[in-house]
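Residue numbering for the sequence shown follows the working numbering, beginning at 229 and increasing consecutively. Just so you know, even glycine gets a beta-carbon here, dropped at the ideal spot from N, CA and C.
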Amino acid sequence: MVGKKSGKALLRDEGLERTDNNMDLSSWPVIPAINQKNYYSDYLKRDDQYLAFRLQNEENRNRMAKNAKDRDRALAMAKTNDLGIPEADTEMDGDANMEDAEEAATEALGSKVVVIHVGSQNLRIGLSSDALPKTLPMVIARKSTTSESEDHEEPCPKRLKLDDGSEMEPEKKFGPEFSSQYTTMAADLKTHMRQNKRRTLPNSKEMVINYNRRTVPETISEHNDPMRVEWTEIPDQAPEYIVGQPALRIPDESKPRYKLFWPMKYGWCNEEDYDNKRLLFLDISIILEDAIKTQLGLTSKKDWPQYSCVFVIPDLFEKSYVTQILDMLMREFSFARVCFIQESLAATFGAGFTSACVVDIGAQKTSICCVEEGMCIENSRVNLKYGGADMTELFVKMMLYDHFPYEEINLWRRYDFLLAEELKKNICTMNEASVSVQVFDFHLRVAGQDTRKYTFKAYDEVHLAPMGVFHPTLFDNSNKLNGRRKLITRSVDIYDSQPNDPTSAAQSEILTMLAPPSSSSQVNGDSQAGTVDVQATPSRSQQLNALSRVQDAEATPRSSVAGSPVPEGTPQAGGAATPAPAGPSQSTSQPREPTVEERDDILPSYPLDKAILTSIIHAARSDERKMRDFLGGIMVVGGGSLVSNFHLFLEERLQLLQPGFAKEIMIGTPPRDLDPQVVVWKGASVFGKLSGTNDSWISQLEYDRLGHRLLAYKCMWAY
Numbered sequence: 229m230v231g232k233k234s235g236k237a238l239l240r241d242e243g244l245e246r247t248d249n250n251m252d253l254s255s256w257p258v259i260p261a262i263n264q265k266n267y268y269s270d271y272l273k274r275d276d277q278y279l280a281f282r283l284q285n286e287e288n289r290n291r292m293a294k295n296a297k298d299r300d301r302a303l304a305m306a307k308t309n310d311l312g313i314p315e316a317d318t319e320m321d322g323d324a325n326m327e328d329a330e331e332a333a334t335e336a337l338g339s340k341v342v343v344i345h346v347g348s349q350n351l352r353i354g355l356s357s358d359a360l361p362k363t364l365p366m367v368i369a370r371k372s373t374t375s376e377s378e379d380h381e382e383p384c385p386k387r388l389k390l391d392d393g394s395e396m397e398p399e400k401k402f403g404p405e406f407s408s409q410y411t412t413m414a415a416d417l418k419t420h421m422r423q424n425k426r427r428t429l430p431n432s433k434e435m436v437i438n439y440n441r442r443t444v445p446e447t448i449s450e451h452n453d454p455m456r457v458e459w460t461e462i463p464d465q466a467p468e469y470i471v472g473q474p475a476l477r478i479p480d481e482s483k484p485r486y487k488l489f490w491p492m493k494y495g496w497c498n499e500e501d502y503d504n505k506r507l508l509f510l511d512i513s514i515i516l517e518d519a520i521k522t523q524l525g526l527t528s529k530k531d532w533p534q535y536s537c538v539f540v541i542p543d544l545f546e547k548s549y550v551t552q553i554l555d556m557l558m559r560e561f562s563f564a565r566v567c568f569i570q571e572s573l574a575a576t577f578g579a580g581f582t583s584a585c586v587v588d589i590g591a592q593k594t595s596i597c598c599v600e601e602g603m604c605i606e607n608s609r610v611n612l613k614y615g616g617a618d619m620t621e622l623f624v625k626m627m628l629y630d631h632f633p634y635e636e637i638n639l640w641r642r643y644d645f646l647l648a649e650e651l652k653k654n655i656c657t658m659n660e661a662s663v664s665v666q667v668f669d670f671h672l673r674v675a676g677q678d679t680r681k682y683t684f685k686a687y688d689e690v691h692l693a694p695m696g697v698f699h700p701t702l703f704d705n706s707n708k709l710n711g712r713r714k715l716i717t718r719s720v721d722i723y724d725s726q727p728n729d730p731t732s733a734a735q736s737e738i739l740t741m742l743a744p745p746s747s748s749s750q751v752n753g754d755s756q757a758g759t760v761d762v763q764a765t766p767s768r769s770q771q772l773n774a775l776s777r778v779q780d781a782e783a784t785p786r787s788s789v790a791g792s793p794v795p796e797g798t799p800q801a802g803g804a805a806t807p808a809p810a811g812p813s814q815s816t817s818q819p820r821e822p823t824v825e826e827r828d829d830i831l832p833s834y835p836l837d838k839a840i841l842t843s844i845i846h847a848a849r850s851d852e853r854k855m856r857d858f859l860g861g862i863m864v865v866g867g868g869s870l871v872s873n874f875h876l877f878l879e880e881r882l883q884l885l886q887p888g889f890a891k892e893i894m895i896g897t898p899p900r901d902l903d904p905q906v907v908v909w910k911g912a913s914v915f916g917k918l919s920g921t922n923d924s925w926i927s928q929l930e931y932d933r934l935g936h937r938l939l940a941y942k943c944m945w946a947y
């Protein structure tokens, strides 16, 4: 019986059997699958795989080798001296003693570090070994056809006029809203003074107005004026630009005309007054270069590669500004190393505090941030766009309202600007005991004219003007957003093209309270698509309940990243968990609603006391112990805080807002009688001398290889 043939035998009989020549089906190598139970990779898991860490270790090894060689030389020289060889002969080969090397190292500590703090109105610069910095105006005067006072049709502060162009009465020059707010604040102050048993005269305002109406200036000839001003003389070959204090002393009627440019404004780059980004940063570099040459004595740029630089940046910085400054310091100034430090952290270094709530009141911006154990708490950062310059303008408005004898004052004119700043520093106070009808005088000095001496009376203006930080609606905020994003675009992530500038929960809450309805919501007639219906001025109950809101937010899962898809089944704004069928109008995706941080039509102008509490609440994160620590460690710095009795008044305001923590609230001042204006610079200079900061230095080699990407590894905070 014939057995059954297999399938392979049948194929062989039919000639269809497959024959193999042992050749691979493809020339591509076959990679076996990874054993998921046992595999390991050390990619970017060791510190020596980072360039910055390798360079740091190499520098440490070189330093140790040099110290060992110096020690061996010193021992060898000591032995030769024991043998009777004169010491002069031992120094013939140029070797230094170990003591000399140590002295040189001590001398080099801080003397080769330039510390720069750029502000909207002033620049503070110096070596890290200096006790105090050099301060000069952050301004540059360039040749122009007109001066800045001639460029602006309206004076500063703005005055209303009648239809025929004639002047209005002083009480009506600034509109009914300002008049109402000013009158209300004056009445509240009088009530508060009576409650504190302070004597007030019922006709104080009338006394001030009647005196100011009839006073006339006294003319003093120039040769009889002992305090006459030395104006900047323009030579026949007029320079293209003039920098610093001489720029403020250029006569407004100079020939040729010069126009003042302030590269920084409200803590941002001044995009309004410039036509291109290159000229803006060129002016910043010119001002810094002139300051280094004239104030620090480093006249030759060939010596600059021997120096390092510590640069102070805001707490809520813009990445485009930081990268541009880093490139300037590395490429144009050729510093050997550069590092950055945040303002609030530098303030704690300068004051010697480990934890504090830092309130920095500058000329045009106010920043608030809680610092704990040498780190800025990210969600507590607040940046407000008002400062000492706004107090000055408000003080001038209040004086004009009460018939100030110098009615033509215009802060666009240089001599009027300097005069107003001087009056604010000498007269303004927040001490209620000093609020009375007083006679003051000032001298008006104009180039080419005789000095005029004015006398005037003031009453509550000296107290109400600094109170503007608690009533920011009194400030003129109409032009503060002009030119925003005209030259410098917002920094975006290279992967998802979303804005990546640092944000803060405290700042977001303030912006949400102040945010007007977005333009897209107004067009669609629907404001619930991404905006929050809020009132412009939050009530006190809202502020006091902020701590409970933070506690509720911790129990709520965080929303998805902007631009990322919502997980399936997530309830939408309309309440439906399942997606609606796509209709004809939904065929194209709608643009994403911008968040409050991404909107450039919101000006962060918020009462100072409420902003401080908002910052502390977000820093404490429902921890009552931290809340008490920060409320008891508030440190006020900056030139705007130099108003007499400002700290006690702020403490009283905070106690009214938080009566439950009234005993813990304490406003501190910088120790050792340090000027509040230089505390930030002083802290940066201390930071530059610390040996532990070597991991935040960016060297030329690192920058040449990696560029500004190094900031993500080098900064001491989450960049």
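Looking at Thr-373, Asp-678 and Cys-656, the one whose alpha-carbon comes closest to that of Tyr-687 is Cys-656. Take the alpha-carbon of Ala-661 and the one of Leu-885: they are about 23 Å apart.
In this structure the stretch 527-542 touches the stretch 552-570; the number of beta carbon pairs closer than 8 Å is three or more. When DSSP states are grouped into helix, strand and coil, Ile-637 belongs to the coil group. The alpha helix (DSSP H) runs of length 4 or more contained entirely in the stretch 441-480 are, from start to end of the chain, 473-476. In terms of Cβ geometry, Cys-585 and Phe-858 form a close pair [threshold 9 Å]. Annotation: Met-627 is outside any beta strand (DSSP E); the continuous alpha helix (DSSP H) that includes it extends over 616-629. Within the stretch 694-748, the complete alpha helix (DSSP H) runs of at least 4 residues fall at 733-742. A distance of 9 Å or more separates the beta carbons of Leu-841 and Arg-642. Per DSSP, the continuous beta strand (DSSP E) segment holding Ile-344 begins and ends at 341-346. For Met-863, the enclosing beta strand (DSSP E) starts and ends at 862-865. Taking a cut-off of 8 Å on C-beta distances, the stretch 372-384 touches the stretch 630-650, as three or more cross pairs fall below it. DSSP places Glu-395 in no alpha helix (DSSP H); its state is neither H nor E. With 16 or more other Cβ atoms inside 10 Å of its own Cβ, Trp-925 counts as buried. Cβ-Cβ separation between Ser-719 and Glu-571: approximately 19 Å, too far for a contact (criterion under 8 Å). In terms of CA proximity to Ala-847, Cys-598 leads the group Cys-598, Val-436, Leu-554 and Tyr-502. In the same chain as Asp-501, and ignoring 5 residues on each side of it, the C-beta atoms closer than 7 Å to its own belong to Phe-489, in chain order. With respect to Leu-939, Thr-551 sits close: the two C-beta atoms are nearer than 9 Å. Per the coordinates, the alpha-carbon of Lys-307 lies some 20 Å from the alpha-carbon of Lys-294.
By the Cβ rule, the stretch 399-416 does not count as touching the stretch 519-527, because fewer than three pairs are nearer than 8 Å.
Annotated as distal: Ser-595 and Gly-711, with beta-carbon spacing of 9 Å or more. The Cβ-Cβ distance between Val-342 and Leu-355 falls below 9 Å. A straight line joining the alpha-carbon of Asp-391 with that of Ile-637 spans about 22 Å. Boundaries around Gln-928 are those of the alpha helix (DSSP H), 928-934, since no beta strand (DSSP E) includes it.
Across the structure, Asn-504 and Leu-715 are spaced so that their CA atoms are roughly 6 Å apart. Taking C-beta separations shorter than 8 Å and ignoring five residues to either side along the sequence, the partners of Arg-422 in its chain run Thr-428, following chain order. Excluding the 5 residues flanking it on each side, His-420 has same chain C-beta neighbours closer than 8 Å at Glu-660, in chain order. Annotation note: the stretch 479-540 contains the following uninterrupted beta strand (DSSP E) runs of length 3 or greater, listed N- to C-terminal: 486-489. DSSP links Ala-584 through a beta bridge to Val-599.
Minimum Cα-Cα distance from Gln-284 among the listed residues Glu-930, Arg-937 and Ala-946 corresponds to Glu-930. Annotated as proximal: Gly-866 and Asp-588, with beta-carbon spacing under 9 Å. Residue pairing by DSSP places His-671 opposite Lys-681 in a beta bridge. In the structure shown, the three-state DSSP call for Lys-362 is strand. Proximity of the stretch 692-701 to the stretch 818-838 meets the contact definition, three or more beta-carbon pairs being nearer than 8 Å. Excluding the 5 residues flanking it on each side, Met-366 has same chain C-beta neighbours closer than 8 Å at Val-346, Gly-347, Ser-348, Gln-349, Asn-350, Leu-351, Trp-490, Pro-491, Met-492 and Ile-515, in chain order. Secondary structure of Arg-849 (DSSP, three-state): coil.
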